[in-house]
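As numbered in mature numbering (1 follows the signal peptide of the UniProt record, and there is no 0), residues -22 to -1, 1 to 520 make up the sequence shown, in order.
Each remark here refers to the structure printed beneath this line.
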Amino acid sequence: MIRALPWLVCAALLLLCGGTEEDAYMASRAETWLNLASVFEQRGRTTDALRAARTCLRLQAEDARCLSMQGRILAAHLGYEHVSLGYFMRAASIAPSLPSLMNLGLAYSHVYDNRRAGEAYAAALEHEESIAVWSQCLFRLCEVKQMICEDWGGQEERMSMLRRTTEELISKGMKPISPFLAMSLPLPPEDILAITRAHAHLAVKGAEHERQSSNQSLPFPVLRAGERRGEGRKGGAGAGAGAGAGAGAGAGAGAGAGGAGREGVGGAGAGAGAGAGAGAGAGAGAGAGGRRLRVVYLSATFDPNKLMNGFLRDVWWRHPTSQVEVHCVAWDMREEGGRRWIREQVEHFHSAEHQSDLGVAQLVNALHAHLLVELVGWYPEQRSGIVAHRPCRVQSLYRFIGGGGGRGDNLYITDSTSLPPELVGLVDEKILYLQPLYLACGHARTFAQAAAQQLSRHREEFVSKYNLSKDAILIGALNKYYKISPELWSTWCNILLSHPRVVLIVIRYRDIQRPYHSARHGLGRRPCPDLGRPIESFSRRL
């Protein structure tokens, strides 16, 4: 009877509004399929979610929520942004509301029509909604205005409003905008830290609730037969593994075994070191017992076509297999090409698709790893609940340019350029500095298939196409304008005026006008009347 209650409520409402019994029955079935699609989407079962959303549309073709669900699945999980735009447009025309208009704005952003996206966000803010959703929409509007370099005069007011709503959300224990999105706006570092901590707190609470509701727990620390609490591993003389920068310099991070570590657990110590010498790239020391250091890399995907995954290629092959056992765990590896690539790169690959946060944490926990390296952080595909379950003795956050906020990471891996020592107070974890750069950046291996002769030909074609001098200095600003401000634009203009050989290459959107026209009032005492040619000629749309 209780399970049938939502159906009965929908049916009663339709009958009271003058609908037929058949209408009520179809609406109740559509509601059920919509809820099922939402559950499938949350669990990563994209195919099942799409099938459920299509069934919902067959039952109620003009239901705005079904249309939005179908569009979201197509765009977010399958990459059909242009197809999803039609669904969001229909949903917004049927039932204009803040969620439907914000979805429409996101769809426009995905196809780079940012002017229309801004119009959709502005229209959405006129509708009443919860402060959390309203804050998300306000953020999107601020982001779009920066992208198209428009209405800088009102940006300060919007930013002040965004800070006030963020503070209100945090004080009420509600979820503010994500830390990753917050970094794309000129918010003070203290505000971003408060946002990160709020998300981390909710992730920890969610992990606790998940364990309690499922009546399951994770054994921490992980103990094996013959190992007692407070003792290190047998034969534990210490182990370390690292990624280096090639001949002459190297940097490494390792988890030690055999000492009393943090939280009263033996073998939880961690260290990092920088080495010099010809060919010093990676090193590891195995204990007298000959056991290998077990490292688990955790990410949504290891697809080599992703830009940041390309930077990680050098990490895998620099681990000596005789001393380091590498496991990669991914929860969103849909492409078979990516699966095949990562299996060739590492010793062990584990797919954790369709698993809950607790399920993935249990998988990592069962591997008995010494060190967990989490590669996602607060990127959009993040699942911080996995780290919040504490599945490993030593957990580190790597590759994300920001801390974990206390969600369960012991270490934050970075370098002194990305995080200067005087700013370590902006990160809650212990800092692990790798020098000179915390990314492997092995471009030679990443682009091994490209011959030097081919690169030379491409360079000549580029110089000829854009009529560049051979001694031109190219500067790339490849951040999609989302951090453009009058001050930053003035800096770029001064560089161009001061050095005649410098050419600035920027990403342009299809709908953007020449951005220096909008920025002219922010150039200060040095006008840029001749910037039309270098900006217009040497901009590249990627």
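We treat Cβ as the ideally placed atom computed from N, Cα and C, and that holds for glycine.
Does the beta-carbon of residue i have 16 or more other beta-carbons within 10 angstroms, so that it is buried, or is it exposed?
i: His367; result: buried
i: Arg270; result: buried
i: Pro369; result: buried
i: Phe440; result: exposed
i: Asp449; result: exposed
i: Glu314; result: exposed
i: His332; result: exposed
i: Arg272; result: buried
i: Leu401; result: exposed
i: Lys123; result: buried
i: Ala39; result: exposed
i: Thr174; result: buried
i: Arg377; result: buried
i: Thr143; result: buried
i: Gly151; result: exposed
i: Glu186; result: exposed
i: Glu19; result: buried
i: Val304; result: buried
i: Val17; result: exposed
For residue i, tell me which candidate among the options has the shortest Cα-Cα distance.
i: Leu35; options: Met47, Ile170, Gln360, Thr25; result: Met47
i: Gly316; options: Thr279, Leu171, Asn343, Arg68; result: Thr279
i: Glu121; options: Asn92, Met311, Tyr444; result: Asn92
i: Thr299; options: Glu465, Ser362, Arg318, Glu325; result: Glu325
i: Ser138; options: Met67, Leu163, Met125, Asp292; result: Leu163
i: Pro197; options: Ala8, Phe378, Ala347; result: Ala347
i: Glu146; options: Met161, Ile109, Gly383, Ser156; result: Ile109
i: Leu290; options: Met311, Gln323, Arg312, Glu303; result: Gln323
i: Glu188; options: Ala339, Trp470, Leu410, Pro414; result: Ala339
i: Gly380; options: Gly363, His177, Val302, Trp319; result: His177
i: Gly49; options: Met67, Thr33, Leu37; result: Met67
i: Ile126; options: Pro464, Thr469, Leu45; result: Pro464
i: Leu349; options: Gly363, Arg361, Leu482, Ile391; result: Ile391
i: Leu37; options: Ser6, Val481, Arg21; result: Ser6
i: Gly363; options: Ala27, Gly184, Ile148; result: Gly184
i: Trp112; options: Pro167, Ile155, Leu475; result: Ile155
How many angstroms separate the CA atom of residue i from the CA atom of residue j?
i: Phe158; j: Tyr357; result: 6 Å
i: Val365; j: Gly386; result: 6 Å
i: Glu104; j: Leu140; result: 15 Å
i: Ile473; j: Leu375; result: 36 Å
i: Ala73; j: Ala181; result: 33 Å
i: Arg296; j: Leu345; result: 21 Å
i: Met327; j: Trp467; result: It is worth fixing the name first, because residue 327 is Phe in this sequence and not Met. Spanning the two alpha carbons is a distance of roughly 45 Å.
i: Glu134; j: Ala8; result: 44 Å
i: Cys506; j: Leu446; result: Its pLDDT being 33, under 50, Cys506 is placed unreliably by the model, and the measurement read from it follows with that caveat. Distance between the alpha carbons of Cys506 and Leu446: 20 Å.
i: Tyr90; j: Ala53; result: 14 Å
i: Lys153; j: Gln194; result: 26 Å
i: Gly384; j: Pro398; result: 20 Å
i: Arg479; j: Ile453; result: 11 Å
i: Ala101; j: Ser394; result: 43 Å
i: Ala95; j: Arg23; result: 29 Å
i: Asp129; j: Arg29; result: 42 Å
i: Arg136; j: Ala160; result: 14 Å
i: Arg312; j: Ser149; result: 39 Å
i: Ser191; j: Ala172; result: 29 Å
i: Cys306; j: Ala31; result: 32 Å
i: His477; j: Cys471; result: 10 Å
i: Arg361; j: Leu353; result: 11 Å
i: Asp281; j: Ile451; result: 33 Å
i: Val403; j: Gly355; result: Correcting the residue type first, residue 403 is Gly in the shown sequence and not Val. Near 18 Å, if we compare the C-alpha coordinates of Gly355 and Gly403.
i: Asp169; j: Phe117; result: 14 Å
i: Arg318; j: Ser329; result: 12 Å
i: Asp310; j: Gly132; result: 40 Å
Are residue i and residue j touching if we call contact CB-CB under 7 Å?
i: Cys82; j: Ala98; result: Per the sequence shown, the amino acid found at residue 82 is Leu instead of Cys. Result yes, Cβ atoms of Leu82 and Ala98 sit closer than 7 Å.
i: Ala85; j: Ser71; result: no
i: Ser277; j: Ala308; result: yes
i: Val372; j: Asn388; result: yes
i: Leu76; j: Arg43; result: no
i: Gly382; j: Glu407; result: yes
i: residue 541; j: Val342; result: Beyond the ends of the chain as shown, which are -22 and 520, falls residue 541; an answer cannot be given.
i: His88; j: Glu59; result: yes
i: Ala69; j: Ile51; result: no
i: Leu45; j: Tyr65; result: yes
Ranges of the beta strand (DSSP E) found wholly within the stretch 271 to 320, counting only runs of at least 3: Runs found: 271 to 277, 302 to 308.
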